[in-house]
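Novice: Those protein sequences? They're chains E and Z, same order as listed. Using our numbering, the first residue of the first sequence is number 1, and each one after it goes up by one. Using our numbering, the first residue of the second sequence is number 472, and each one after it goes up by one. Cβ coordinates follow ideal geometry from the N, Cα and C atoms, glycine included. Remember, it's a predicted structure, so these values are computed and weren't measured experimentally.
There are 2 protein chains.
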Amino acid sequence: MKHLLAVLLCVGATSVVLAKAPSLSDADIKTAEALRDQALQDKTAYTTLESLTTEIGQRLAGSPSDARGREWAVAQFKKLGFDKVYTEEVQFPVWERGIESCEVISPFPQNLAVAALGGSVGTPPEGIQASVMEFVDFAALSAAADNAAAGKIVFVSHRMTAAKDGAGYGPAVIARVQGASVAAKKGALAILIRSIGTDYQSRSPHTGVLQYDQTTVRIPAAALSNSDADLLARMLKRGGPVNVQLKLGAQTQSQTFVGANVIGEITGSKWPDKVVLIGGHLDSWDLGTGAIDDGAGVAITMAAGALIGQLPKAPKRTVRVVAFANEEQGVYGGKAYAAAHQKQANQHLVAAESDFGADKIWRFDTAFGPNALPLVDSFMRVLAPLGIERGANDAGGGADVSPMRAFGMPTVELQQDGTHYFDIHHTENDTFDKVDPAALAQNVAAYAAFAFLAAQVDGELGPPPAPPTGR
Amino acid sequence: MKHLLAVLLCVGATSVVLAKAPSLSDADIKTAEALRDQALQDKTAYTTLESLTTEIGQRLAGSPSDARGREWAVAQFKKLGFDKVYTEEVQFPVWERGIESCEVISPFPQNLAVAALGGSVGTPPEGIQASVMEFVDFAALSAAADNAAAGKIVFVSHRMTAAKDGAGYGPAVIARVQGASVAAKKGALAILIRSIGTDYQSRSPHTGVLQYDQTTVRIPAAALSNSDADLLARMLKRGGPVNVQLKLGAQTQSQTFVGANVIGEITGSKWPDKVVLIGGHLDSWDLGTGAIDDGAGVAITMAAGALIGQLPKAPKRTVRVVAFANEEQGVYGGKAYAAAHQKQANQHLVAAESDFGADKIWRFDTAFGPNALPLVDSFMRVLAPLGIERGANDAGGGADVSPMRAFGMPTVELQQDGTHYFDIHHTENDTFDKVDPAALAQNVAAYAAFAFLAAQVDGELGPPPAPPTGR
């Protein structure tokens, strides 16, 4: 209720400036074009990501390497010439993976490659042994009668489809997020889902967070690799009972952990208190080294900010680059940022998070007010030569930005090509070797040009349309 | 010495028939064409491989699932209508993988994905901790001074290149086969090699067998995934010492295991004691489910034999399909077959093993005597429509066939396209979903046509040229 009031107030405050149409000068466009072309030749993002993945590696929120990652981010912002570098506290619970195994006991003894879902409870040390009951998708599981899966291990076998805009993720990921509690309501002892991923070439399960209902018993939950989901489905097709033993050592620590968002700024020359926010999230899952999710986003936006910082004259507004804490397990960094900066929501001209891998940007989506929509053409003059199309005016802005978006802050999304993103998303295969330096530089060019232009805008970009739902 | 004498005797015996040029009738060619076309539509190999990988899975030699695999093979031969099904004893030591981990301790704590090499000894339970010394390839390691790597963990970073004919394997695999003993001679405590594999998209290490020198201390040996080899190389490039802790629970059991080659026959109608041998190896590594290595070879040759067995009239010679035991850890099945059948070497017209994956066959290599070379044209009349070229007359025949080849038996190789074979070879990713049913059927068509024609040949195909060396 308090939040809703805040949204109304902010939207009201923003609407005051509606009368004045925002603008950019030709000189600003020229500077942005030069920044863009310089960025295409610049290796800062690539060397930054190389450094992060080589010297730190995986950064599971709350782990020792997550803490090393924060130290790295502070040092890297300073090294890249940001003139203000600081951290802001973020609190969250710490989840640990522990051991994990999944074994078909009968009729065809085989090991299945499995990864606990983030936030899952563990099994008893001796594991849970039960026969498997397959549901073709989350809807079929939801539609089952109460106790339909009593004493069973539920298996949701639905396969995610690949798409440039990642459209297959939403319909598939609900099984990961809500499957455990729905299965528990049907009486299941545990749940196995087919990995939310589009790969065929690897036997690597895709982890990712789940959400337990507050009122439902918490059952262990894990993802099978696509290959192993196929294998289990083939066993089940033979008709007889398939008995599986699942062992998960996963647990959540009782103490709250204090992490931090790490922030670097290029201070504005005219309106230092006004902010253009770009960023990525510093945490990752533990299986790979967090290269594409989301070392790339951190590296892209750090490099974009650094290039802006090297301009002869600082931009009018402050360019704030945020390396968010613990996005993966519940957008903790983004929520903490919004809680800390809610009152300054209308000092944020616009925000964008890079968190969809390291492939090229192909579309520029906005969430601007009607008055600011003509200005999209000015942005597009600089972005179109990068192969970027104009998109819709419904941008969410990215997970860590969405809580501020709810307070009336305009956002954009520089949409990356996600055709192959979900092949390696949340797997052990998320490593530096998957990143193409040219594609990464194209991202930096787009972010540098966008952030610089936004920092120069004379006027405001809001109020944005209502935030999208169901994302 | 005894072996050499046997070779000379056999070659002598075969040369007696040199005067008579072998031949095939037009009716034989027609039957082979019909078999070929039928095989292209036949699903037996695919369902056989589905059954093997689903109901049995990995078949590490000497493991319980290896034993289940033999029972499966006996039952499957019978199910497919082979009129004689039997086993022949094969003895070998049993190697167990145990736990395995590799951790960079300093300066950049990270886990590296690792797999023990087959036959490796284990580390002490607390592991081996030492700094890493990189060699760019096996030659560089070999050229190092004695004690150059004293107290170190050696890392051979050479990357294998992909090629249609697998030509990159030989130059790379020597580091896996001989690296441990050479590193031990330089004083190393353990050896890590970059995986002998061509994948970029997975963090899966490639296992495979090593050979220890009899006179050198045995040190633990493991393969890093390509991604992790890159990572370690990047760490080392920074100049300071990189300390790694390697733990391997690998061991070889003291008792010899008694396994078996499993054999199915379509008995010859005219010369039942004369044999055309085709086959694959039934054992696999333990990380995947042994689909392309070498469930495919077993399925292809079983299906080819089964189709021949369905002909209205059995072919003149016996078609013998052999599912060899324990190829992976030292060609034990092939050597046992040769030891048992050495005296009947000249009753084997020709032999071929399918053991290079499940992609399409593109070349027909032979090892025939000069008198038989014109007959290759007859085989090619039936094979060329499958997209198969005529190759050279230097075929080795495949690992399990090579010991018989050494006794003067002619061989052929139906060369598969190996461009992507080493992406998943010996990894956890060797699973059924990688197999294209159409490519598998093309293999069956080639093997069925070849084996039928060979069984009909009036005359002999030898003596073959001297066996190739260094393969």
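1) From the beta carbon of Z:E526, is the nearest beta carbon of chain E less than 8 Å away?
2) Relative to the alpha-carbon of E:V121, which residue among E:A221, E:G268, E:S181 and E:S25 has its alpha-carbon at the smallest distance?
3) Tell me the DSSP bridge mates of E:T411?
4) Closer than 7 Å by beta-carbon distance: list the chain E residues that pair up with Z:M604, in chain order.
5) What does the alpha-carbon distance come out to for the pair E:A299 and E:A163?
6) Using only CA atoms, which one of E:I193, E:K185 and E:A367 lies nearest to E:V177?
7) Mind listing the chain E neighbours of Z:Y671? Cutoff is C-beta to C-beta under 9 Å, in chain order.
8) According to the Cβ coordinates, are E:A113 and E:P205 closer than 8 Å?
9) Among E:P467, E:Q442 and E:I424, which residue has its Cα nearest to the Cα of E:T207?
10) Closer than 6 Å by C-beta to E:V244: which residues in its own chain qualify, once you throw out the five before and the five after it? Chain order, please.
11) For a cutoff of 8 Å on Cβ pairs, would you count E:F108 as touching chain Z?
12) Which bits of chain E does Z:G759 rub up against, with CB to CB less than 8 Å?
13) Are the CB atoms of Z:Q818 and Z:K745 nearer to each other than 8 Å?
14) Check the C-beta distance from E:D400 over to E:H281 and give it rounded, since I have them as a contact under 8 Å.
15) Identify, in the order they occur along the chain, each residue of the same chain with its Cβ nearer than 8 Å to the Cβ of E:K434, setting aside the five sequence neighbours on each side.
16) If you reduce the DSSP assignment to three classes, tell me which class E:L192 lands in.
17) Three Cβ pairs or more, each shorter than 8 Å: is that satisfied between the region 496-504 of chain Z and the region 914-931 of chain Z?
18) Give the single residue among E:E71, E:A115 and E:K20 whose Cα lies nearest to the Cα of E:L287.
19) Z:R834 and Z:Q913 - do their beta-carbons sit closer together than 8 Å?
20) Taking the straight line between their C-alpha atoms, what separation do you get for Z:T485 and Z:Q815?
21) Starting from the beta carbon of E:E50, find every residue of chain Z whose beta carbon is closer than 9 Å, and list them in chain order.
22) Compare the Cα-Cα distances from E:A180 to each of E:F138, E:G170 and E:S202 and report the closest residue.
23) Residues of the region 560-592 of chain Z with a CB closer than 9 Å to any CB of chain E: list them in chain order, please.
24) Among Z:A916, Z:P786 and Z:A611, whose alpha-carbon lies nearest the alpha-carbon of Z:D513?
25) Chain Z beta carbons: is any one of them nearer than 8 Å to that of E:L224?
26) Just how far apart, CA to CA, sit Z:P712 and Z:L703?
27) Going along chain E, which residues have a C-beta under 9 Å from Z:D537?
28) Considering only C-alpha positions, which residue in the set E:N147, E:K335, E:K78 and E:M380 is nearest to E:A188?
29) Could you compute how far the alpha carbon of Z:V847 sits from the alpha carbon of Z:D836?
30) If contacts are defined as beta-carbon pairs under 8 Å, then Z:G590 and Z:V680 qualify, I think. What distance do you get, rounded to the angstrom?
31) Suppose only complete runs of 3+ residues qualify. What are the beta strand (DSSP E) ranges in the region 29-100 of chain E, listed by chain order?
32) Skipping 5 residues on each side, what residues in its chain have a beta carbon closer than 6 Å to that of Z:K718?
33) In the DSSP output, which residue or residues are listed as bridge partners for E:K247?
34) Can you pull the chain E residues whose beta carbon is under 7 Å from the beta carbon of Z:S534, in chain order?
35) Of all the options Z:A546, Z:P874, Z:A510 and Z:D670, which has the alpha carbon lying nearest to the alpha carbon of Z:A909?
36) Looking only at C-alpha atoms, which of E:A325, E:A61, E:P272 and E:T301 sits nearest to E:V262?
Specialist: Walking through what the data contain:
1) yes
2) E:A221
3) E:A351 and E:A367
4) Residues of chain E passing the Cβ test: none, with the nearest at roughly 19 Å.
5) 24 Å
6) E:I193
7) D433 and K434
8) yes
9) The candidate whose alpha carbon is nearest that of E:T207 is E:I424.
10) V104, V132 and I153
11) yes
12) R203
13) yes
14) 6 Å
15) A291, I292, A358 and I424
16) strand
17) yes
18) It is E:A115 whose Cα lies nearest to the Cα of E:L287.
19) no
20) With a pLDDT of 46 at Z:T485, under the threshold of 50, the modelled position of this residue cannot be trusted, and the question is left open.
21) R705
22) E:F138
23) V575, P578, F579, P580, Q581, N582 and A584
24) Z:A916
25) no
26) 11 Å
27) Per Cβ cutoff of 9 Å: no residues; Z:D537 is ~12 Å from chain E at best.
28) E:N147
29) 9 Å
30) 5 Å
31) 84-96
32) S572, T594 and G598
33) E:S101
34) Within chain E, no residue comes near Z:S534; the closest Cβ sits about 11 Å away, beyond 7 Å.
35) Ranking the options by Cα distance to Z:A909, first place goes to Z:A510.
36) Nearest C-alpha to E:V262: E:A325.
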